[in-house]
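Asks:
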Amino acid sequence: MTPRDDAPLAARTQLAALVGRPWLAERWADVREADDEGTRPAAVLILFGVLDGRPSDHEAQARAVSRDLDVLLLARATTLRSHAGQIAFPGGRVDDVDADPVDAALREAREETGLDPAGVEVLGALEEIPLSRSSHLVTPVLGWWAAPTAVAPVDRAESSAVFRTPVADLLDPANRCTTVIRRDGMEWRGPAFTVHGAGAERLVWGFTAMVLDMLFDQLGWTEPWDRGRELDLPLPPRP
Numbered sequence: 064m065t066p067r068d069d070a071p072l073a074a075r076t077q078l079a080a081l082v083g084r085p086w087l088a089e090r091w092a093d094v095r096e097a098d099d100e101g102t103r104p105a106a107v108l109i110l111f112g113v114l115d116g117r118p119s120d121h122e123a124q125a126r127a128v129s130r131d132l133d134v135l136l137l138a139r140a141t142t143l144r145s146h147a148g149q150i151a152f153p154g155g156r157v158d159d160v161d162a163d164p165v166d167a168a169l170r171e172a173r174e175e176t177g178l179d180p181a182g183v184e185v186l187g188a189l190e191e192i193p194l195s196r197s198s199h200l201v202t203p204v205l206g207w208w209a210a211p212t213a214v215a216p217v218d219r220a221e222s223s224a225v226f227r228t229p230v231a232d233l234l235d236p237a238n239r240c241t242t243v244i245r246r247d248g249m250e251w252r253g254p255a256f257t258v259h260g261a262g263a264e265r266l267v268w269g270f271t272a273m274v275l276d277m278l279f280d281q282l283g284w285t286e287p288w289d290r291g292r293e294l295d296l297p298l299p300p301r302p
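Residue numbers for the sequence shown follow the numbering used here, so the first one is 64 and each next one is one higher.
1. Determine whether the beta carbon atoms of Ala172 and Leu108 lie at a separation below 8 Å.
2. Count the other CB atoms within 10 Å of the CB of Glu191; is the residue buried (16 or more) or exposed (fewer)?
3. Does the distance from the C-beta atom of Thr228 to that of Val258 stay below 8 Å?
4. With DSSP run on the structure shown, which of helix, strand or coil describes Asp131?
5. Per DSSP, which residues does His199 bridge with? Please list them.
6. From Glu250 to Ala92, what does the alpha carbon distance come to, in whole angstroms?
7. Jot down the residue ranges of each uninterrupted alpha helix (DSSP H) in the stretch 189-260, minimum 4 residues, whole runs only, in chain order.
8. Which residues does DSSP pair with Phe111 in a beta bridge?
9. Measuring only the C-alpha atoms, how far is Ala97 from Leu234?
10. How big is the Cα-Cα spacing for Leu186 and Leu205?
11. Give the range of the beta strand (DSSP E) segment to which Leu294 is assigned.
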């Protein structure tokens with residue numbers, strides 16, 4: 064048995080252990096606060112599994128992170144009014160047809176990527192995250208891809224690309240930086256990751272990057288990286 068033959072089981076076990084712990088809300092309060100009143104419920108699926116394509120060239124320090132551990136991401140269409148072109152987790156608003164946020168996350172993932180929810184083992188829902196800019200209260204749902212299925216953009220008016228990214232690539236210090244947005248004398252900084260997905264180099268930043276950054280920290284997977292490496296981003300349009 065090689066040193067990382069048991070890595071997928073270890074990764075799944077560590078991810079499942081995060082459910083029910085108050086770590087996310089505590090960390091998020093230090094980043095952004097929002098009034099829950101008037102917010103709309105939403106859910107995203109953070110789906111990990113064993114990569115079916117190119118494994119990472121980076122040897123991660125964490126034992127649970129093998130070269131073929133991956134997470135599912137998508138690129139939002141550039142024509143959307145909100146968060147156009149950004150990399151995101153599959154997800155969206157909780158509708159009346161949804162029994163709960165878990166149901167919503169799986170439905171949205173199927174509608175956006177074409178995956179079969181029957182192959183997803185739901186590890187559990189994390190704490191709600193308030194997003195003041197978009198007036199949403201987002202529930203991240205952790206999943207393990209027990210039986211992966213093919214994925215691709217279902218509606219190109221919503222998503223321009225769907226891809227599975229090696230977690231080791233996200234952890235690679237060479238692929239990490241701090242994004243900076245400046246407006247009206249104010250400054251916003253946040254973690255970011257550079258990844259290759261669907262034939263292009265892509266920047267993961269904003270909500271998705273912050274959740275991944277906190278998730279990796281909590282799991283003990285984060286590798287030391289240069290937080291002084293900065294990337295200035297253009298001003299996003301006002302809501």
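Here a beta-carbon is modelled for each residue, glycine too, at the ideal position from N, C-alpha and C.
Replies: Inspection of the coordinates gives the following:
1. yes
2. Burial call: buried.
3. Cβ distance < 8 Å, so Thr228 and Val258 count as in contact.
4. coil
5. His199 is bridged by DSSP to Arg103 and Leu194.
6. 18 Å
7. 230-234
8. Val134 and Trp207
9. Bear in mind that the predicted position of Ala97 carries a pLDDT of just 48, short of 50, making it unreliable; the figure below should be weighed with that in mind. Roughly 29 Å separates the two Cα atoms.
10. In this structure, the straight-line span from the alpha carbon of Leu186 to that of Leu205 is close to 5 Å.
11. Per DSSP, Leu294 belongs to the beta strand (DSSP E) from Glu293 to Asp295.
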